[in-house]
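Notes follow the structure.
There are 2 protein chains.
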Amino acid sequence: MADHPHYPQSVAELSERELLARIFPRLGGPRMLLGPGDDAALLRAPDGRTAISIDTLVQDQDFRLRWPGGYRTTGYDVGWKCAAQNLSDVNAMGAVATSLVVSLTLPAHTPVSWVEGLADGLSAALRALGAEDCAVAGGDLGRGGQLVVTAAVTGDLQGRKPVLRSGARPGDVLAVCGALGEAAAGLALLESSLDYARLEGRERALTAVQSRPCPPLAAGPVAAAAGAHAMMDISDGLVRDAGRLCSASGVRVDLDPEVLRAEAELLAGTAGKLGADPLSWVLGGGEDHGLLAAFAPDTVLPRGFRRVGTVLARGDGANPVSVGGAAPAAAGWDHFGG
Amino acid sequence: MADHPHYPQSVAELSERELLARIFPRLGGPRMLLGPGDDAALLRAPDGRTAISIDTLVQDQDFRLRWPGGYRTTGYDVGWKCAAQNLSDVNAMGAVATSLVVSLTLPAHTPVSWVEGLADGLSAALRALGAEDCAVAGGDLGRGGQLVVTAAVTGDLQGRKPVLRSGARPGDVLAVCGALGEAAAGLALLESSLDYARLEGRERALTAVQSRPCPPLAAGPVAAAAGAHAMMDISDGLVRDAGRLCSASGVRVDLDPEVLRAEAELLAGTAGKLGADPLSWVLGGGEDHGLLAAFAPDTVLPRGFRRVGTVLARGDGANPVSVGGAAPAAAGWDHFGG
Chain C
8 MADHPHYPQS VAELSERELL ARIFPRLGGP RMLLGPGDDA ALLRAPDGRT AISIDTLVQD
68 QDFRLRWPGG YRTTGYDVGW KCAAQNLSDV NAMGAVATSL VVSLTLPAHT PVSWVEGLAD
128 GLSAALRALG AEDCAVAGGD LGRGGQLVVT AAVTGDLQGR KPVLRSGARP GDVLAVCGAL
188 GEAAAGLALL ESSLDYARLE GRERALTAVQ SRPCPPLAAG PVAAAAGAHA MMDISDGLVR
248 DAGRLCSASG VRVDLDPEVL RAEAELLAGT AGKLGADPLS WVLGGGEDHG LLAAFAPDTV
308 LPRGFRRVGT VLARGDGANP VSVGGAAPAA AGWDHFGG
Chain E
8 MADHPHYPQS VAELSERELL ARIFPRLGGP RMLLGPGDDA ALLRAPDGRT AISIDTLVQD
68 QDFRLRWPGG YRTTGYDVGW KCAAQNLSDV NAMGAVATSL VVSLTLPAHT PVSWVEGLAD
128 GLSAALRALG AEDCAVAGGD LGRGGQLVVT AAVTGDLQGR KPVLRSGARP GDVLAVCGAL
188 GEAAAGLALL ESSLDYARLE GRERALTAVQ SRPCPPLAAG PVAAAAGAHA MMDISDGLVR
248 DAGRLCSASG VRVDLDPEVL RAEAELLAGT AGKLGADPLS WVLGGGEDHG LLAAFAPDTV
308 LPRGFRRVGT VLARGDGANP VSVGGAAPAA AGWDHFGG
């Protein structure tokens with residue numbers, strides 16, 4: 008197609024309306040009270056409350072268009088990841104996502120096909136992750152020097168109490184749903200000089216976890232219904248996010264070194280190949296988008312959750328998160344790193 | 008403060024938590040069911056529906072940090088404008104804003120004081136524009152190569168029907184609330200080589216309209232209650248936005264040349280100084296964030312609205328918007344311009 012003079016290759020060759028006409032048909036989704044195309048969209052909020060959150064992906068910060076090993080991030084990847092990380096925030100409240108609104112900032116040379124892929128990836132993530140009630144309700148398009156994709160997500164608690172970070176109590180079981188460190192392993196593979204085209208099944212799959220994460224969306228509402236005392240999305244690494252749960256709840260937690268070692272063991276082969284420490288991925292790796300939750304000690308953990316530690320009364324120590332009573336070996340991700 | 012070695016000057020010198028600690032206290036606002044700090048915030052949606060929209064400001068596209076005449080865009084300006092343009096979208100549905108969630112993408116060298124100013128500007132706009140029921144519900148912080156500020160806004164229809172773009176009927180009065188062309192005049196002043204420091208009262212005020220727009224937030228719900236058939240935000244220029252209303256409603260409109268001439272006359276002094284055509288500002292200037300609405304011919308126009316034309320049955324002509332029966336002299340703003 009590249010030599011056909013009238014085939015639009017970059018977004019600079021289309022008007023806003025023409026670009027939107029290529030995006031809207033790809034979005035599909037459930038019927039809303041009022042969908043995209045007016046000044047605002049209109050969602051149902053049947054229980055009289057709406058949960059809301061916002062999250063952004065920035066080129067060269069949250070993804071590279073081309074990684075050292077040769078993998079090229081597709082629009083589909085970015086659309087999927089944008090949906091997934093937003094859906095995960097609503098999941099962590101115990102809510103069900105009802106809409107996404109998406110703002111795209113696009114350099115003039117962005118291929119139109121990349122933007123179409125982004126719309127496809129958004130849609131596919133909603134379907135594949137089981138967010139059947141979530142529609143892409145609208146958006147905004149503009150130019151900029153680098154790709155920036157922001158989505159805001161709304162959620163419906165379906166009459167349940169929201170599960171906050173602040174409800175953990177001493178004696179609670181600390182549990183995780185979803186992988187630990189896989190997204191970090193995938194990131195390390197993409198950042199390495201290993202030729203992406205030659206990666207084998209397991210390692211190819213780890214890069215997919217990084218590019219197209221699959222948060223366990225069924226688990227949030229189930230944990231809420233099971234009476235989870237506290238819950239949050241693990242987006243910046245287990246230790247850092249557990250520390251946030253501790254701050255909000257006024258507790259500390261001790262992680263079980265045996266459990267963490269077993270988690271790390273699953274990533275040991277890849278880590279060995281890269282000269283990395285798999286335990287640091289498990290403790291500090293971001294973007295897994297699983298759930299961290301505290302349950303009363305007598306709760307039968309809902310399917311998919313596994314115990315990783317214990318909630319304890321806050322002591323005098325500075326560090327709210329320990330591993331077998333000692334300081335953890337890795338901290339996690341800070342967006343500013345100051 | 009610049010020579011105090013421990014005073015943080017750029018966001019790179021703070022952790023995410025430290026930066027958030029400087030932002031949150033500036034946000035204030037009404038009490039929410041659950042405010043910022045958890046995975047998602049929680050709003051009331053008393054009438055069982057939530058209106059939602061999203062809008063983005065990008066450095067060097069939507070604002071310059073330093074304009075040719077010397078004006079430096081403050082964080083306060085960008086925070087104000089981000090709030091205002093989002094609030095305007097909800098206003099145009101006839102709804103009342105209930106929350107903003109804000110995502111900031113910040114270059115490492117961004118002064119912390121600029122970000123604090125942004126939070127202050129957001130807050131000030133909510134208060135000054137009368138959005139007393141709107142809280143900053145949460146946000147997201149990350150790094151990037153240029154400043155990108157995105158907000159999503161939610162609104163409450165308070166039991167009313169939303170006013171769509173699609174309801175205009177032949178015979179309706181086309182009316183406007185808010186200024187026409189002032190933001191474009193302000194933009195032209197900022198883009199000119201006129202020394203900002205020497206601008207006089209009226210022209211200084213026009214640049215303020217561009218930097219800190221004041222959408223008429225009381226007017227949207229009032230127009231809805233008065234039975235407006237159709238309504239939208241004028242963000243990309245009167246002619247372009249009227250064309251969108253026509254497309255959605257299956258009608259055309261004829262604008263009154265006398266009315267437009269009187270509007271242009273208000274900007275003639277500034278236009279003369281810049282060698283510009285004030286009518287092109289009135290017809291094509293973006294970012295005024297007033298309201299364009301269609302009312303039944305016998306409606307007493309709500310306070311603040313003035314007649315600018317008439318809705319007609321769609322004819323055979325290609326152009327849905329005419330001025331005294333002829334083609335308009337200016338088109339409006341397209342974000343991609345293809």
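Chains as they are written, first to last, in the numbering used here: chain C, 8 to 345; chain E, 8 to 345. Beta carbons: idealized from backbone N, C-alpha and C, even for Gly. Just so it is clear, the structure is predicted and the values come from calculations on it, not from any experiment.
Quiz item: Sorted by chain position, which residues of the same chain lie with C-beta nearer than 8 Å to D248(E)'s C-beta, five sequence neighbours on each side aside?
Solution: Mapped onto the second sequence, residue 248(E) falls at position 241. Closer than 8 Å at the Cβ level, and outside the excluded window around D248(E), lie M239, D240, I241, S242, L299, G339.
Quiz item: Shorter than 9 Å from the beta carbon of P140(E) to some beta carbon of chain C?
Solution: What you label residue 140(E) is simply residue 133 of the second sequence in a count that begins at 1. The identity of residue 140(E) in the sequence shown is Asp, whereas the question assumes Pro. It does not; no Cβ of chain C falls within 9 Å.
Quiz item: Using a beta-carbon distance below 9 Å, is D295(C) in contact with chain D?
Solution: Looking for chain D here will not work: the only protein chains present are C and E.
Self-check item: Amino acids of chain E, ordered along the chain, whose beta-carbon sits closer than 8 Å to that of G145(C)
Solution: Along the first sequence, one-based indexing puts residue 145(C) at 138. By Cβ distance, chain E contributes I59, S60, I61.
Self-check item: Residue burial classification, K168(E) (beta-carbon count within 10 angstroms, cutoff 16)
Solution: Counting from one through the second sequence, the residue named residue 168(E) turns up at place 161. So K168(E) counts as exposed.
Quiz item: Which ranges does the beta strand (DSSP E) cover as unbroken runs of at least 3 residues, wholly within the segment 116-181 of chain E, from first to last along the chain?
Solution: 142-150, 155-163
Quiz item: How many angstroms separate the CA atom of E123(E) from the CA atom of G276(C)?
Solution: Walking along the second sequence from the start, residue 123(E) turns up at place 116. Walking along the first sequence from the start, residue 276(C) turns up at place 269. Spanning the two alpha carbons is a distance of roughly 46 Å.
Quiz prompt | Residues that V318(E) contacts on chain C, provided the C-beta gap is smaller than 9 Å | solution = On the second sequence, position 311 is the one that residue 318(E) refers to. Correct list: empty, because the minimum Cβ distance to chain C is about 18 Å.
Quiz item: Smallest Cα separation from E270(C): which of A104(C), L201(C), G101(C), V315(C)?
Solution: Residue 270(C) sits at position 263 when you count from the first residue of the first sequence. It is V315(C).
Quiz item: Taking the alpha carbon of P309(C) as the point to measure from, which residue in V289(C), G331(C), L196(C), A231(C) has its own alpha carbon closest?
Solution: Working through the first sequence from its first residue, we reach residue 309(C) at position 302. Per the Cα distances, A231(C).
Quiz item: How long is the line joining the alpha carbons of A144(E) and D96(C), rounded to whole angstroms?
Solution: On the second sequence, residue 144(E) is found 137 positions in, with the first residue counted as 1. On the first sequence, residue 96(C) is found 89 positions in, with the first residue counted as 1. Roughly 14 Å between the two C-alpha positions.
Practice problem: Have a look at V318(C), V216(C), G291(C), A175(C) and flag the residue whose alpha-carbon is nearest the alpha-carbon of V260(C). | Solution: Counting from one through the first sequence, the residue named residue 260(C) turns up at place 253. For the residues V318(C), V216(C), G291(C), A175(C), the minimum Cα distance to V260(C) belongs to V318(C).
Practice problem: Might you give, ordered along the chain, the residues of its own chain that have their beta carbon closer than 7 Å to the beta carbon of S110(C), omitting 5 neighbours on each side? | Solution: For the purposes of this step, residue 110(C) is taken as residue 103 along the first sequence, with counting starting at 1. Once the five neighbours on either side are set aside, the close Cβ partners of S110(C) are G146, D147, T157.
Self-check item: Same chain only: Cβ atoms within 7 Å of L201(C), ignoring 5 sequence neighbours per side
Solution: Here residue 201(C) is taken as the residue at index 194 of the first sequence, counted from 1. G76, listed in sequence order.
Exercise. Check each candidate in R172(E), A102(E), D84(E), A48(E) and name the one with the smallest Cα separation from A131(E).
Key: Taking the first residue of the second sequence as position 1, residue 131(E) is located at position 124. A131(E) has its Cα closest to that of D84(E), out of R172(E), A102(E), D84(E), A48(E).
Self-check item: Beta-carbon gap between A186(C) and V216(C) smaller than 9 Å
Solution: Taking the first residue of the first sequence as position 1, residue 186(C) is located at position 179. Taking the first residue of the first sequence as position 1, residue 216(C) is located at position 209. In this structure, V216(C) lies closer than 9 Å to A186(C) by Cβ.
Practice problem: Pick out the complete alpha helix (DSSP H) segments inside the segment 270-296 of chain C, 4 residues or longer, and give them in chain order. | Solution: 275-281, 285-291
Practice problem: Would you check if the segment 28-48 of chain C and the segment 40-51 of chain E touch, i.e. whether three or more CB-CB distances between them fall below 8 Å? | Solution: no
Quiz item: Can you find a C-beta in chain E that's less than 9 Å from the C-beta of V97(C)?
Solution: Locating residue 97(C) in the first sequence gives position 90, counting from the first residue. Yes, V97(C) counts as interfacial toward chain E.
Quiz item: Taking buried to mean at least 16 other C-beta atoms within 10 Å of its own C-beta, is R150(E) buried or exposed?
Solution: Locating residue 150(E) in the second sequence gives position 143, where the first residue counts as 1. Buried, by the Cβ-count rule.
Quiz item: Which residues mark the beginning and the end of the beta strand (DSSP E) in which G316(E) is found?
Solution: Here residue 316(E) corresponds to residue number 309 of the second sequence, with the count starting at 1. Note, G316(E): beta strand (DSSP E), 312-320.
Quiz item: the ligand ADP heavy atoms versus the CB of A132(C): any closer than 8 Å?
Solution: With respect to small molecules bound, the structure shown includes none, and the ligand ADP cannot be examined in it.
Quiz item: Where does C253(C) fall in DSSP's three states?
Solution: Position 246 of the first sequence, counted from the first residue, corresponds to residue 253(C). If DSSP states are grouped into helix, strand and coil, C253(C) belongs with the helices.
Quiz item: Per the contact definition of three or more C-beta pairs closer than 8 Å, is the segment 169-178 of chain C in contact with the segment 98-105 of chain C?
Solution: yes
Practice problem: Taking 9 Å as the cut-off, decide whether the C-beta atoms of D163(C) and P53(C) are in contact. | Solution: Your numbering for residue 163(C) matches position 156 in the first sequence. Your numbering for residue 53(C) matches position 46 in the first sequence. For D163(C) and P53(C), yes; Cβs fall inside 9 Å.
Quiz item: In terms of residue numbering, what span does the alpha helix (DSSP H) encompassing A90(C) cover?
Solution: Residue 90(C) sits at position 83 when you count from the first residue of the first sequence. Taken as a continuous stretch (DSSP letters only), the alpha helix (DSSP H) holding A90(C) covers 82-98.
Exercise. With DSSP collapsed to three states, give me the class of A190(E).
Key: Taking the first residue of the second sequence as position 1, residue 190(E) is located at position 183. Three-state result, A190(E): helix.
Quiz item: Which residues does DSSP pair with P43(C) in a beta bridge?
Solution: Residue mapping note: residue 43(C) aligns to position 36 of the first sequence, counting from 1. Paired residues: D45(C).
Quiz item: Does any residue of chain E bring its CB to less than 9 Å from the CB of D45(C)?
Solution: The residue you call residue 45(C) lines up with position 38 of the first sequence. Taking Cβ atoms only, chain E reaches closer than 9 Å to D45(C), which makes this a yes.
Quiz item: Where does the unbroken alpha helix (DSSP H) through V216(E) begin, and where does it stop?
Solution: What you label residue 216(E) is simply residue 209 of the second sequence in a count that begins at 1. V216(E) -> alpha helix (DSSP H) spans 208-218.
Quiz prompt | Inter-residue Cα distance where the pair is A159(C) and W121(C) | solution = On the first sequence, residue 159(C) is found 152 positions in, with the first residue counted as 1. On the first sequence, residue 121(C) is found 114 positions in, with the first residue counted as 1. About 21 Å.
Quiz item: Counting only beta-carbon atoms, is V183(C) nearer than 9 Å to chain E?
Solution: Stepping through the first sequence from its first residue, residue 183(C) is reached at position 176. Answer no: the Cβ-Cβ gap between V183(C) and chain E never drops below 9 Å.
Quiz item: Quick one, which residues of the segment 165-195 of chain C are near chain E if we go by CB-CB under 7 Å, in chain order?
Solution: P169, L171, R172
Quiz item: Interface residues of chain E around S347(C) at Cβ under 9 Å?
Solution: With chain C covering 8 to 345 only, the question about residue 347(C) has no answer from this structure.
Exercise. Establish whether the CB of A233(E) and some CB of chain C are separated by less than 9 Å.
Key: Counted from its first residue, the second sequence places residue 233(E) at position 226. No, A233(E) lies away from the interface with chain C (no Cβ there is under 9 Å from its Cβ).
Exercise. Please report how far the alpha carbon of L290(E) lies from the alpha carbon of F70(E), in whole angstroms.
Key: Within the second sequence, residue 290(E) is the residue found at index 283, counting from 1. Within the second sequence, residue 70(E) is the residue found at index 63, counting from 1. One C-alpha to the other measures close to 21 Å.
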